[in-house]
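J.: All letters in the sequence shown, in the order written, are residues 588 to 634 by the numbering used here.
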Amino acid sequence: MTRDDVRALAAVGLADADVLALAEVTAYYAYANRIVDGLGVELEDPD
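1) Look at the alpha carbon of G625 and the alpha carbon of V612, and state the distance between them as a whole number of angstroms.
2) Report the rounded CA-to-CA distance for D592 versus R621, giving the unit in angstroms.
3) So, for V606: in the same chain, excluding its five sequence neighbours on each side, which residues have a beta-carbon less than 7 Å away from its beta-carbon?
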């Protein structure tokens, strides 16, 4: 993301706290996915 991306989000009505929340959730999922990949976790077969 760049400042222009943040400005675009603000232009559609998101507050700074909203942008921060989006960044935090995105970062958490990126972190969790890397941990899972690094540990070699495999998905369970639903059948």
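Yeah, the Cβ is synthetic: ideal placement off N, Cα and C, and Gly gets one too.
T.: So, from the data block:
1) 20 Å
2) 25 Å
3) These residues qualify, in order along the chain: V593, L596.
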